[in-house]
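Novice: Could you have a look at this structure, given as structure tokens, before my questions?
Chains as they are written, first to last, in the numbering used here: chain A, 16 to 395; chain B, 16 to 395.
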């Protein structure tokens, strides 16, 4: 519960459903991340899949971010066209049409482009287009440090073989090693997350050392994930971090012990539209909050967010079910009143942003402004 | 598994991830629904929240639909501006700004507008704007027939009292009774769904009879939901149906016994981007498939859709987890190959459409065309 008159007035005013960004909290989150990077002596290239906003990436750049990381080629194109000249795409690209479009946008922006690969097929597809475009691309080799998603096993021969293939291809260079410890979202608390971060660091720096020992230069050792970045105790040997969610935080991060409620910058403002004997219904459903119960399919939280009626913010209640345009708050025999406002703290902020055209930003004095979600729905 | 050379060639060609609509299946689905309405002697006003497409609503109109039903005011505005002159908004509206914009769009289109209410507050908000706009609005009273979402209990005094309030307000008229038996999605099979439909019919027609007995004219008795419409045995006394999902169908409808696999018109085409010892990863995650395991938070299906590798379509495998841009297929020790195509049958088609700018439509001869999702992201 936060009591803040300009904020409460703004919440009463906004048209619902709205994705509200509290600027004061956002600013602190951006500064905190920059502080972590500075103190650790690593570069910060935040993952923009969380906000998909040129304005917000600009704030991160002003606070010291060296560049941005994008989820897909199409998302990267939006940031290249939006004036970002240091762009990493954290996705194994294979489709030459997509790579060609990405390279054209990078050339137009005069940008430094870094991609990730985990298969010879991906190296060859990028090599072919880089040669056609005569444009340089730096390739990270992605290492699977435990999520079991993309990346190859952290074993020297396989990694060295991909690095070797990269070295043989004109216009390609080896950027370094790349990982995402998304399995940290399956941890049961801060201590386990710190351990995941340390294991990742040791795997990645050990592999970098082995490559260097074999005579291969490793320019960067890049790791990601909000939980591990926030709770890591040691960054020695790493050169770069790529957290995404940390700019907003959400109830998953609170449940994991990564953030406090006061550190969540993103909420959804909804209106009660109906009420019955057991549930009150709000105008935010799965097409606003998404059905995510947590990242990577984690189900650490039951329900679909926590609702805070503005008339009585200390009365917190979970959203227990969602239809597409309706959220169900279990109110028992104390129904809310149609027309009243609730503030909802989503489980997972990232997919929420992708569902709206614009973010509603509230400044500390209660002024509201709208910021486009520039890279919304960039699926390719 | 369907073997069809033009279709397979089209699937190989399309850029992924793509929401593919098979035109031949779509046409059959549209005709089947129109046939049900004609045979039952009821009007068909399909729910457009499923497709959000002017083109597709146009096909439904050509096949005999009397009008369209929209999920929210903003969605209705898109269809009013797109030339639809018989529009129902299946949502209790309370915000006068939204109502004013909706009325302005209805006036511009010269449209007949029907809204639903379940509280005096909603009646009064609509009455105030209708009077300001001097534009007629017909109001349904929504009845809760078991979903426990919106609507009032099916009891004569409460319903008559709302009808009476409507009758007292200039520019408002009573459209009739309105229900959505979404709890049919919680049924364990066709027999139980038929029973939900019959219970709904008896409740609704009984209430209409009681109102008429009290001297109140009841122009329409309108029911919705794909499962109940497809499996109802009797429509006597009903005047209108509003199914949405039936235009596409999905794995939830198959699991419920409402549709067969051959009746699903919507699939997602994805590419394998990485593979490890246990899972193959495709380029469609929760930002493409949504995290819905079923409508209204139903979890009849485990996983997030069924994947059919195009190289071996009989090898069906569930998507067991989703990251935002990655789908995890459990391939055991037979990994798929990066670059190969998979066709994914989503659990719930409606939220998938809302995540893309356009649908990729494939005609029976394999020609591809793109159709915009006109009302995508209409949250207000």
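Built from N, CA and C at the ideal position, the CB exists for glycine as well.
1. Could you check if residue 418 of chain B is buried or exposed, using at least 16 other CB atoms within 10 Å of its CB as the buried criterion?
2. Ignore the nearest five residues each way along the sequence and tell me which others in residue 231 of chain B's own chain have a CB closer than 6 Å to its CB.
3. Helix, strand or coil, according to DSSP, for residue 219 of chain B in the structure here?
4. Helix, strand or coil for residue 158 of chain B? Go by DSSP, reduced to three states.
5. Check residue 335 of chain A in the structure and name its three-state DSSP category.
6. Beta-carbon of residue 369 of chain A versus every beta-carbon of chain B: anything under 7 Å?
7. Report the CB separation of residue 162 of chain A from residue 192 of chain A in whole angstroms; it is logged as a contact under 8 Å.
8. Less than 7 Å between the beta carbons of residue 132 of chain A and residue 138 of chain A, yes or no?
9. What is the rounded straight-line gap between the Cα of residue 65 of chain B and the Cα of residue 364 of chain B?
10. Looking only at C-alpha atoms, which of A:235, A:292 and A:63 sits nearest to residue 219 of chain A?
11. Would residue 294 of chain B pass as a contact of residue 345 of chain B if the rule is Cβ separation under 7 Å?
12. Measure from the C-beta of residue 34 of chain A to each C-beta in chain B and report whether the shortest distance is under 7 Å.
13. Taking a contact to mean a Cβ-Cβ separation below 7 Å, would you say residue 304 of chain B touches residue 361 of chain B in this structure?
14. Quick one: give me the first and last residue of the alpha helix (DSSP H) that residue 137 of chain A is part of.
15. From this set, B:286, B:308 and B:307, which residue's C-alpha is nearest residue 326 of chain B's C-alpha?
16. Which ranges does the alpha helix (DSSP H) cover as unbroken runs of at least 4 residues, wholly within the stretch 167 to 234 of chain B, from first to last along the chain?
17. Based on Cα-Cα distance, which residue from B:51, B:21, B:348 and B:142 lies nearest to residue 243 of chain B?
18. Within this structure, are the beta carbons of residue 289 of chain B and residue 296 of chain B separated by less than 7 Å?
19. Quick check on the DSSP output: the beta strand (DSSP E) that includes residue 301 of chain A runs from which residue to which?
20. Quick check on DSSP: helix, strand or coil for residue 100 of chain A?
21. Span of the alpha helix (DSSP H) holding residue 246 of chain B?
22. Rounded to a whole number of angstroms, what is the C-alpha to C-alpha distance between residue 39 of chain B and residue 24 of chain B?
23. Please say whether residue 95 of chain B and residue 140 of chain B have beta carbons closer to each other than 7 Å?
24. Hey, would you say residue 74 of chain A sits closer than 7 Å to residue 45 of chain A, going by beta carbons?
25. Using a Cβ-Cβ distance cut-off of 7 Å, determine whether residue 387 of chain A contacts chain B.
26. So the alpha helix (DSSP H) residue 368 of chain A belongs to, where does it begin and stop?
27. So, does the CB of residue 419 of chain B fall closer than 7 Å to a CB anywhere in chain A?
28. Applying the 10 Å Cβ sphere with the 16-neighbour rule, what's the burial state of residue 110 of chain B?
29. Would a check of beta-carbon distances place residue 87 of chain B closer than 7 Å to chain A?
30. With a threshold of 6 Å, establish whether the CB of residue 122 of chain A neighbours any heavy atom of the ligand MN.
31. Considering only their Cβ atoms, is the gap separating residue 91 of chain A from residue 102 of chain A smaller than 7 Å?
32. What residues in the stretch 288 to 300 of chain B have a beta carbon less than 7 Å from any beta carbon of chain A?
33. Give me the Cα-Cα distance between residue 72 of chain B and residue 371 of chain B, rounded to the nearest whole angstrom.
34. Using CA atoms only, rank isn't needed, just tell me which of A:203, A:26 and A:233 is closest to residue 153 of chain A.
35. Tell me, to the nearest whole angstrom, how far the beta carbon of residue 79 of chain B is from that of residue 127 of chain B; I am working on the premise that it is less than 8 Å.
36. Could you check what DSSP says for residue 294 of chain B in three-state terms: helix, strand or coil?
Specialist: Put simply:
1. The requested residue 418 of chain B does not occur in the structure, where chain B is confined to residues 16 to 395.
2. 178
3. helix
4. strand
5. strand
6. yes
7. The Cβ separation is near 15 Å, so there is no contact.
8. yes
9. The straight-line gap from Cα to Cα measures roughly 7 Å.
10. Closest option to residue 219 of chain A, Cα to Cα, is A:235.
11. yes
12. no
13. yes
14. First-last of the alpha helix (DSSP H) with residue 137 of chain A: 135 to 148.
15. B:286
16. 171 to 183 and 205 to 228
17. B:51
18. yes
19. Premise fails: residue 301 of chain A lies in the alpha helix (DSSP H), 301 to 304, not in any beta strand (DSSP E).
20. Residue 100 of chain A falls in the coil class under three-state DSSP.
21. 241 to 246
22. 16 Å
23. no
24. yes
25. no
26. If you look at residue 368 of chain A, you'll find it in the alpha helix (DSSP H) that goes 364 to 368.
27. Outside the displayed range of chain B (16 to 395) lies residue 419 of chain B, so it cannot be described from this structure.
28. buried
29. yes
30. This structure does not include the ligand MN; it has no bound ligands of any sort.
31. yes
32. Here the close residues are 288, 289, 291, 293, 294 and 296.
33. Those two C-alpha atoms are separated by around 18 Å.
34. A:233
35. Wrong, their Cβ atoms sit about 17 Å apart, outside the cutoff.
36. Collapsing the DSSP output to three states places residue 294 of chain B in a strand.
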